[in-house]
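S.K.:
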Amino acid sequence: MLATSLKTVWARKLRLLLSTFAIVLGVAFVAGSLMFTDSLGKAFTGIMNGTVGDANVRLAQESGGHGSRLGARIIPPSALEKARAADGVKQVDGVVTSISATVLAKDGKVIGGQGAPAFGVNFHTAKAAEGAEGLHITEGRAPTKNGEIALDPKTAERGGYRIGDTVSILTTGETPRYSGKLVGFASYANGSMVGTTLAVVDTKTSQKLFLDGRDGYTSLWVEAEPGTSQDDVVKALKPTVPEGFEVVTGKQASDEAASGIQDALSFITTFLLVFAGVALLVGSFLIVNTFGILVAQRSKELALMRALGASRRQVFGGVVIEALVVGFIGSVLGIGVGVLLAKGISALLARLGAEIDIGGLTLEPRTIIVSLVIGLGVTTLAAWLPARRASRISPIAAMRDDQVEPEQTVSRRAWFGALLFVIGVALVVAQLVTDSSIWVFVTGMVLMLFGTIAATPVLARPVVRGIGALARRQGVVARLAEENSLRNPRRTAATTSALMIGLALVSMMTVFGASASGSIDALIAKSFRGDFVVSGQRSEPMSQSIAPSMKKVDGVREVSRQRYGDGTANDAPATFLAVDAASLDDVAPITVTQGSHALDDSKLLVSTDVAKAFSWKPGTQVRITVDGSRTRTVNVAGVFDKEDNDRQDDYVVTIPTFEAIGGGKKDNMLHVLVADGADRQKVQAGLEGVVKDIPTITVKDQEGYAAEQRAPIDSMLTLIYGLLGLAIVIAVLGIINTLALSVIERTREIGLLRAVGLSRRQLRSMVRLEAVTISLIGALIGVVLGTIFGVLFQRTQADSGVDVLVIPYGRLALFLVLAALVGVLAAWWPARRASKLNILSAIATE
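Quick note: the sequence shown uses the working numbering, first residue 717, plus one each step.
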């Protein structure tokens, strides 16, 4: 039986080609996802190992180690000198770091777009942990004075720079734009920056750019004497560490960073593997159909084997062996294609503004094993039902010319599907009512999806009849196409289900994305105050010098500033919004439920959530701080409801108060009010002129601001469409495969039709109508089901801000039109093959 199975695979290699291709694509998605995240993890590990010393003095994590506070507190030079005198210390370098040193390319565009952080650092020479190479110059020399810059090689390449060129970087400090001569290329550890950018300057310049001229450092990088352990160095350094900072070993710092990176990579891996699972699920329908049709075509051959002594077990095993061969070939090829797919994922992310340089791809043994197991497993499971059906064919029944493929009772299958669907609906409703885990909702949706798949043979009938009625103008051709589509409900259902799954997910995300965008538009339309908003990319702050410059523009009545910062209120974590009290009512009016909305430097406003949690009321004294060292006690002036005021903030203070508690002097957003009678276009041009040299800062009106807020949603939808596109491709291949095998199966019938007068053109039209019918069945059910999913998903996120339901009927209708076109394209090769069959040879086919 083994030899027979291998010969059968070889004899029917073309018929199994598309099934193999489905496995190739599905496994490629799995392998590519794993290779991408493994390569990313390896690159990040290389960076982390090269960016920590044997010991590191840093801002205490419990008092504010977040990026938003980087530079809020600094290490004084005296602490650096004390650290250098500690036992076991070979070298200590003061480090000044920023994550907002954006590098501009030669053409003035931002390198890195909206993606990875833009690191700025002073050049330092201490070795990394365990004597590894830290920051080093790979070509040229290090910057030693004002007006000199070093870049990492990849950033220089992306920007079109060579040593000797003038490079510009943007900062959020008092010097918004800084230019200098490129004197060298610098890198950490293995040289890869994983899509981030690195700009290196001398220490004095870094303090000017990133600390607004303050003499100090954001961290200390310590290299231990040979033979001194990291723990011993940490013990020796502890007495020298200033308040608000901590000293940790290089291993601890590296492990903490690696843990955070691993969590992020785990999310990315899961995210990508979900789409890989969708592709494999869709591919399994293609495999089920392929082996089902092949078993039906080989019924006499299998019956003959049974008559010659082959047992049911041997027949079953023979079909499974064929599936294993197909699965193995597809899996091996899929691993190879996965290399291209990993690079494709990186390119897609770069196109969406998140350029990630993963360097060389990493192919771990785990990736090979997982890919083979999944490929072989999916193929075997998909072929199990056809193999079981083949083993149950009676030799006598199979020798007859009538239909020998046993059909499962359609009604039983429909009732089972209906039961799954009802259980799924119950779970979804339970989650919406009780606000339980989102996984209850996901489980409910999955059950609804599989329930629909099970009931598709019944659901497809009215759709086929409807399409047939619309196509009756083509006469007998339409009638034949209609009957052929209904001839084998299970086969039609399996083919349409593949397309249905893909379009259901696409439609769901389309509805949810439109609702999210609509919610943003509604919120901005309701809460937008002022005439223009000025803000930076990645929500980064901007220099406080910009606001006064904009206030001088002709036609500007007021420029109101807003700042954000994490800190504590009575030692509890708090996020503060700082505002200009004088213009608060003009740009962000707050209606209070208790007390007064009048705000001054001795007061703050708090949300009802905070007031309830801590039993605060107007007059309550609260001790607040941002940097942990500078505190102020203020009184609660009023309590406001966030929902009534369309706000996300819990604590509101004045800008002078914010600065007094260590919040820094950088603005996050500016609201500009235009004077009565002023020309808005001229005012906008004047405002844009202020920031013309700072492309990371933009001036927007209400429509532009809403578009900017919608952009991340559009990017996410584009990414999801791209990832789901592979499943759609496999579904289209399933239609082509089913039609092609169906043509082979109906060779004699086609010959007879041609003999009684059906023309080649009519035959092609018949096959084309079958393909369009199959495509539209999947599209209609998928779009309807996806719309239901999208509406339900929107309801689960209503409390998170997605409270406006938008159903984009035009886009959903476009999906149906595209599905019909897909059917026409999918039918081209099978229809052409059918029309070229020799009539006499076709009639003589057994």
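The C-beta atom is built at its ideal place from N, Cα and C for all residues, glycine as well.
Which of helix, strand or coil does DSSP assign to N1351?
M.R.: DSSP places N1351 in strand when its eight states are reduced to three.
S.K.: Are three or more beta carbon pairs between the stretch 966-983 and the stretch 862-881 nearer than 8 Å?
M.R.: Contact between the stretch 966-983 and the stretch 862-881 is absent, because fewer than three Cβ pairs lie under 8 Å.
S.K.: Does DSSP put W1544 in a helix, a strand or coil?
M.R.: Looking at W1544 - three-state DSSP - the assignment turns out to be helix.
S.K.: Pick out whichever of D1366, W1131 and I1451 has its Cα sitting closest to the Cα of D1357.
M.R.: Of D1366, W1131 and I1451, the residue nearest in Cα terms is D1366.
S.K.: For the alpha helix (DSSP H) that contains K1328, what are its first and last residues?
M.R.: Counting along the chain, the alpha helix (DSSP H) containing K1328 begins and ends at T1324 to F1330.
S.K.: Should the stretch 1237-1256 be called in touch with the stretch 1458-1471, which here means at least 3 C-beta pairs below 8 Å?
M.R.: Touching, no.
S.K.: Looking at T1440: is its Cβ nearer than 8 Å to the Cβ of V1222?
M.R.: Note on identity: in this sequence residue 1440 is Leu, with Thr being the wrong assignment. Yes, these two residues count as a Cβ contact at 8 Å.
S.K.: Just verifying my parser: in three-state terms, what is the DSSP assignment at V938?
M.R.: Reduced to three states, the DSSP call for V938 is strand.
S.K.: Would you decide whether W1155 is buried or exposed? Buried here means 16 or more other CB atoms lie within 10 Å of its CB.
M.R.: Exposed, by the Cβ-count rule.
S.K.: Any idea what DSSP makes of S1223, helix, strand or coil?
M.R.: If DSSP states are grouped into helix, strand and coil, S1223 belongs with the helices.
S.K.: Report buried or exposed for L1163, applying the criterion of at least 16 other Cβ atoms within 10 angstroms of its Cβ.
M.R.: With 16 or more other Cβ atoms within 10 Å, it is buried.
S.K.: Could you say which of A1495, Y904, R1203 and L1501 lies nearest to V1533 if we only look at CA atoms?
M.R.: For the residues A1495, Y904, R1203 and L1501, the minimum Cα distance to V1533 belongs to A1495.
S.K.: Using a Cβ-Cβ cut-off of 8 Å (strictly less than) and excluding sequence neighbours within five positions of D1325, which residues of its own chain qualify?
M.R.: K1358 and D1366.
S.K.: Report all residues from its chain with a CB closer than 6 Å to the CB of I984; omit the five preceding and five following residues, and keep chain order.
M.R.: Contacts found: T753.
S.K.: Where does F745 sit, in a helix, a strand or coil, going by DSSP?
M.R.: In this structure, F745 counts as helix in the three-state DSSP scheme.
S.K.: With 16 as the cutoff for other CB atoms within 10 Å, does Q1147 come out buried or exposed?
M.R.: Result: buried.
S.K.: To which residues does DSSP link M1385 through a beta bridge?
M.R.: Answer is S1251 and Q1278, bridged to M1385.
S.K.: For I791 versus Y933, is the C-beta spacing smaller than 8 Å?
M.R.: Yes; because the gap between Cβ atoms is below 8 Å, this pair is in contact.
S.K.: What residue ranges within the stretch 827-887 form continuous beta strand (DSSP E) runs of no fewer than 3 residues, ordered along the chain?
M.R.: List check, beta strand (DSSP E) in window: 834-838, 851-856, 864-867 and 882-886.
S.K.: State yes or no: is the C-beta of I1183 within less than 8 Å of the C-beta of A1422?
M.R.: Not closer than 8 Å, so no.
S.K.: Helix, strand or coil, according to DSSP, for G783 in the structure here?
M.R.: The predicted position of G783 is uncertain, since its pLDDT is 38 and thus under 50; a value taken from the coordinates is nonetheless stated next. It is helical.
S.K.: One question on the structure: do V826 and T813 come within less than 8 Å of each other, judged by their Cβ atoms?
M.R.: No; because the gap between Cβ atoms is not below 8 Å, this pair is not in contact.
S.K.: DSSP on R1129, reduced to helix/strand/coil?
M.R.: Looking at R1129 - three-state DSSP - the assignment turns out to be helix.
S.K.: Which word fits V1089, buried or exposed, when buried means at least 16 other C-beta atoms lie within 10 angstroms of its C-beta?
M.R.: Its Cβ having fewer than 16 others within 10 Å, V1089 is exposed.
S.K.: Going by the beta-carbon positions, is the gap between V1342 and G1402 smaller than 8 Å?
M.R.: Against a cut-off of 8 Å, the Cβ pair of G1402 and V1342 comes out as no contact.
S.K.: Quick one: grab the DSSP three-state call for N772.
M.R.: It is a strand residue.
S.K.: Which residue wins for smallest C-alpha separation from G999, given the options V1094, D809 and I1061?
M.R.: The shortest Cα separation from G999 among V1094, D809 and I1061 belongs to V1094.
S.K.: Of all the options S1233, F1330 and T912, which has the alpha carbon lying nearest to the alpha carbon of P833?
M.R.: P833 has its Cα closest to that of T912, out of S1233, F1330 and T912.
S.K.: Going by Cα to Cα distance, which pick from T888, S1431, P958 and L914 is closest to L927?
M.R.: Among T888, S1431, P958 and L914, the Cα nearest to that of L927 is on T888.
S.K.: What first and last residue would you give for the beta strand (DSSP E) that runs through L1508?
M.R.: Per DSSP, L1508 belongs to no beta strand (DSSP E); it is in the alpha helix (DSSP H), R1476 to T1512.
S.K.: Just reading off the alpha helix (DSSP H) that K897 is part of, what are its end residues?
M.R.: Here K897 belongs to no alpha helix (DSSP H); instead the beta strand (DSSP E) covers R893 to Y904.
S.K.: Measuring alpha carbon to alpha carbon, tell me which of V1179, G876 and I1240 ends up nearest Q1425.
M.R.: Among V1179, G876 and I1240, the Cα nearest to that of Q1425 is on I1240.
S.K.: Going by C-alpha distance, which of S1276, Y904, L1202 and K924 is nearest I1490?
M.R.: Residue L1202 is the option with its Cα nearest to I1490.
S.K.: On the DSSP letters alone, give me the boundaries of the alpha helix (DSSP H) that D1301 sits inside.
M.R.: First-last of the alpha helix (DSSP H) with D1301: L1300 to V1303.
S.K.: By Cβ distance, which residues of its chain are closer than 6 Å to W1544, with the 5 residues on each side in sequence left out?
M.R.: So the list is empty, once near-sequence residues are dropped.
S.K.: By how many angstroms is the C-alpha of K1382 removed from the C-alpha of S1294?
M.R.: As written in the sequence, residue 1294 is Ala, which differs from the Ser given in the question. Distance between the alpha carbons of A1294 and K1382: 11 Å.
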